[in-house]
Amino acid sequence: MGNFFKDNKDINWLLKNIDLSEVILYKEKNFKDASKYDYAPSNIEDAIENYKIALDILGEICAERIAPMSKEVDKEGAIFKDGEVEYAKGTKKALKLLSQAQLMGFTLPRKYGGLNFPKTIYSMAIEIISRADGSLMNLFALQDIGETIYKFGNEDQKKRYLPRFSSGEITGAMALTEPDAGSDLQSVSLRAEERNGKWYLNGVKRFITNGCGDVLLVLARSEPNTTGGRGLSLFIYERDENLKIRRIEDKLGLHGSPTCELQFNDAPCELLGERKLGLVKYAMSLMNGARLAVAAQSIGISEAAFREALDYAKNRVQFGMPIIEFPQVYEMLSKMRVFIEAGRRLICETSKIVDLKEGLEEHVSCFPDEAKKLKKRIRDYTRWSEILTPFSKIFCCEASNKICYDAIQVLGGVGYTKDFSVERYYRDVRVTTIYEGTTQIQVLSAVRGILNGSLFNLLDKYEEETHIKDSELFSEISRYRSDLEKAVKFVKEKKDQAFQQFHANRIVNMGIYTLVSYLVCLDGLVDSEKEKIAKTFVSLAEKEITGDLNFILTKSPESLKTLL
């Protein structure tokens, strides 16, 4: 029996070696659910065993049932007819299987029918799903809709919606983007009007993943005569006859996931949380979760591409030997593995930091007297999550595009045909650098955390609280840190906003490669196989960091702008 969890040694390694004890203690609130639910853990070991069981079930469903349907799902795609969207047959079967396995409420509390798992485990699940069918992830990972209602909704809203999300009875969507408001969500113009104590939506949304879902979180302008983000609120809308699906997009990839254009015609809705916080608080929380999910999606797709390319290279004989024996081929494949494992490690670290941030916040909400004591920790983990989330999306999605590109190259001519799946992986992964915030938008989000010193504080934490200095590679990675500090100092001393923006991509790239070098070196201290990965990654990082530093020190915006 195939199993996408059991056959992935790296995910199993992370689950065994990453310390999740504090994450679990906060998530389980010291295991208070153990007396209420017979399936709730009573200690850390029980919790980890529960994670393994769920991932094992998911891994088998993905390998045995979902992956075999993925080619037909891609071919059939979602269908738009008579104003309604119909999922591909395989997509409908997959959603039913996941619902029957009770896997649709991964992070929601048991009180609402969920599994109460942390994001670290959810990220692993998203990767496993994406390896089987990248387009299915866009429906599975919309569990964040339910989590957003849990975090910011009132108790009545939670009771009405969350059990239905957990059971798989309903699916969701986040309706943020408009024809004239893509990356610039402050320009959202869809109106939310309050009449007689009730809210109604009017306007158009575009590029809405699963816009045909049952429950939508809609970003709308609730404050008349405003133009900025403070005039926006977030609304819960359950589909009725007041929403018209105008069309679905004819996309390059992810054909099983419908991307809809929606028209709201006096659609009744309800406010989520408080007015005016729709973008600055609620949508940003929702998007950060989605960005981490897309990072995991990209790694899942690239894992599938890598495995197909590796298998082909082992069996394809040319010039009297398998092509994997040729240096040009095994170098490509080796780099694929290194970047997949490095990306997975970054996602794991990011997810853990987000889990700790949210755990601390919820703990303080239950025990306000501890707020002062935990204030600094919450601030630190908030800042680190704000850096590592865009780091994860940038690094994983850009690397995965290269991995899927190279997978086609390994297969050669047949890789360009539909006889193999690598062409589909290449099509599916392409959007990951675009949706939920382009790479360029992620750079703008991440660079602030480098320039204000938050990233260096995190590196200090690793140096002070781990044995990273025992790594034989520490002299190299500490030099990378020094080069990054030099670049930051040089850019800040210019006191020129245009110069800073021009080099933001290079600053962020240096930051990512420095941080990931720290992470893989930590792993290399406890595992000889991981040490090989670390040595290769650190070696590849030198070219990136040195090249970026030299460019920053010698080039100005005018050096390129004059070419246009």
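By the count of this note's numbering, the sequence shown reaches residue 567 at its end, each step adding exactly one.
Quick reminder that beta carbons are idealized off the backbone N, C-alpha and C, glycines included.
Everything numeric in this text was worked out from a predicted model, so none of it was measured.
Cutoff 6 Å; reference residue i; Cβ partners in own chain excluding five residues on either side
i	result
T441	none
I326	A316, R319, V332
N141	T212, S260
I173	R167, D217, V218
S388	I356, V357, K360
T557	none
Q146	F109
K122	S354, V357, D358
S448	P393
Coil, strand or helix - residue i by DSSP
i	result
C215	coil
F540	helix
K114	helix
G80	coil
Q105	coil
N33	coil
I239	strand
E361	helix
I251	strand
N268	strand
A308	helix
F329	coil
M290	helix
M72	helix
G175	strand
R278	coil
G456	coil
V207	strand
Neighbourhood of residue i by C-beta distance below 7 Å, restricted to the same chain and skipping five residues each side
i	result
R113	D36, Y40, A43, N119
S24	I47
N512	E547, D551
M4	E63, E67
Buried or exposed (CB count within 10 angstroms, at least 16 for buried), residue i
i	result
L255	exposed
G323	exposed
Q443	exposed
V320	exposed
K78	exposed
M290	buried
I56	exposed
N228	exposed
E181	buried
Q445	buried
S562	exposed
S45	exposed
R382	exposed
E426	buried
I82	exposed
G231	exposed
N157	exposed
Q500	exposed
L257	buried
R581	Residue 581 lies beyond the stretch modelled for the chain, which goes from 4 to 567, so this question has no answer here.
Beta carbon of residue i nearer than 8 Å to that of residue j
i	j	result
I515	F329	no
V218	I239	yes
L100	C351	no
Y115	L188	no
G62	G259	no
A402	I129	no
L193	L204	yes
G346	F398	yes
C272	C215	no
L235	R242	no
M72	K95	no
A104	I64	yes
S170	S126	no
D431	I304	yes
E344	D13	yes
Integer Cβ distance of residue i from residue j, believed to fall under 8 Å
i	j	result
T385	T353	Not quite, the Cβ-Cβ distance comes to about 13 Å (not below 8 Å), so this is no contact.
V523	F540	5 Å
R294	K396	5 Å
Y428	C400	Incorrect: roughly 13 Å between the Cβ atoms, too far for contact.
A135	I69	4 Å
L222	A178	7 Å
E226	K162	Actually they are not in contact, since the Cβ atoms of E226 and K162 sit about 29 Å apart, beyond 8 Å.
S531	I480	No, S531 and I480 are not in contact; Cβ-Cβ is about 19 Å, not under 8 Å.
Neighbourhood of residue i by C-beta, 8 Å cutoff - its chain only, sequence neighbours within 5 removed
i	result
E373	H366, V367
V494	L454, F502, Q503, H506, I510, I555
A184	S190, V191, S192
D269	Y203, L204, N205, N245
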